[in-house]
Amino acid sequence: MIDRRTLLGALGAATLSGVVLSAATASASPKPAAGGVVDVHSHMVPDFYLREALASGIVFPDGMPKWPSWSVTEHLQMMDRCGIDSAILSVSSPGVHFGDDGKAADLARRVNDFGAGVAQGQPRLGFFASLPLPNVVDSTVEAIRALDRLGADGVTVMSNAGGMYLGNAVLTPLLTALDARSAVVFVHPTSPPNAAAVALGRPAPMVEFLFDTARTVIDLILLGVVDRFPHIRWVFTHGGGVLPLLADRVDFFRTQVGLGTPSTPNVLQRLWFDLAGTPVPRQLPALLSTVGPDRLVYGSDFCFTPIGAVQEQLRSLDAGAADGGLENWRAVTSGNARSLLGV
Ligand SMILES: [Zn+2]
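The sequence shown begins at 1151 in the working numbering and counts up by one.
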């Protein structure tokens, strides 16, 4: 952990070496001239985790045709080829709770012990700890263990856990523990509880993930949770999904129905958003107009996004981020990520 933070703190030098390695190992990689980046949205799929998911009947995660393959070696190769200096690993949707509280708590511990081991052995990697929600007691215990003893860079939760969204009052003990530690909470989208009815047979990540992120952010804002736990550093993915387009409408209804919570645009500017997915050309300008550039971070979404697609998305950011309003996106997002992670 200390080594990685030292590396992040000396990003200029690390970037330079990453650029050389990137250019030498992958002729098809994006142009590296602007330097390497920090990737806060990057997934691990340990073998034992995959076995547990398959044994629980999750063969097509969120309607996708298959699970991706993953190893630490593959991940580091991807980073080298894409000019990514540092990455924070996390378990993606559907998380660690496959229907049984006891098994979920055990799987969370195993995943987090694994993540801690990887981060200890690889100074370029950190991890967000998984929590066995919707069991709040087990999740609170595991969050404290991961943050205080394992050196996790934060925790990851799904946008909903079995239909429980993040504004739910039963989460208060967990959020109190996270707030006391000024924790980073990386909110990954997952299928909504009625996915089979609304996804119309299509993979949930295509559309439903973007709506579920917006749904849980709006729940947090309208129930005043962001204000009650002001030290939590919330990170949302894929540019906040459809949120930027809904912010004004949500605020209109907030005033119409007389909710006493702070204005939606003001709260949004205290949250963090990654640029995973397809932020250019249309999504980034809307996001920037809503939250500005200071809390935007980069996310590859590897290994659920294969390396070829990661490279294509990097090329699209290089080609289109400035036109979308974000100059020097590599330097800006890397600096923001260092600020977010406190390194
Ligand atoms: Zn992801």
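Beta carbons: idealized from backbone N, C-alpha and C, even for Gly.
Query, Result
"Thr1363 CB to nearest heavy atom of ligand 1 below 8 angstroms", "no"
"Complete beta strand (DSSP E) runs within the stretch 1393-1478 (minimum length 3 residues, chain order)", "1422-1424"
"Tyr1448 to Gln1419 span [Cα, whole Å]", "17 angstroms"
"Secondary structure of His1388, DSSP reduced to three states", "helix"
"Neighbourhood of Asp1362 by C-beta distance below 6 angstroms, restricted to the same chain and skipping five residues each side", "Ser1309, Pro1339, Pro1342"
"Contact test: Gly1390 Cβ vs ligand 1 heavy atom, cutoff 8 angstroms", "no"
"For Leu1373, three-class secondary structure by DSSP", "coil"
"Beta-carbon separation (whole angstroms), Val1337 vs Thr1366, contact threshold 8 angstroms", "6 angstroms"
"CB contact flag (Ala1293, Val1305, <9 angstroms)", "yes"
"Outcome for Glu1477 when other beta-carbon atoms lying within 10 angstroms are tallied against a minimum of 16", "exposed"
"Rounded separation between Pro1284 and Ala1347 - CA only", "22 angstroms"
"Own chain partners of Leu1373 with C-beta closer than 6 angstroms, once the 5 adjacent residues on each side are dropped", "Gly1317"
"Ala1426 CB to nearest heavy atom of ligand 1 below 8 angstroms", "yes"
"Proximity to His1493 [Cα-Cα], best of Gly1408, Phe1379, Asp1303", "Strictly speaking, residue 1493 in this sequence is Val, with His absent from that position. Measuring from the Cα of Val1493, the nearest candidate turns out to be Asp1303."
"Option in Val1417, Ser1439, Val1392 with minimal Cα separation from Gly1475", "Ser1439"
"Cut-off 7 angstroms between Cβ atoms - residues of its own chain near Glu1358, not counting five sequence neighbours on either side", "Ser1341, Pro1342, Ala1345, Val1348, Ala1349"
"4-residue-minimum alpha helix (DSSP H) runs that sit fully inside the stretch 1223-1281, ordered along the chain", "1251-1271"
"Of the listed residues His1225, Met1194, Gly1267, Asp1263, nearest to Gly1245 (C-alpha basis)", "Met1194"
"Beta-carbon gap between Ala1364 and Gly1390 smaller than 9 angstroms", "yes"
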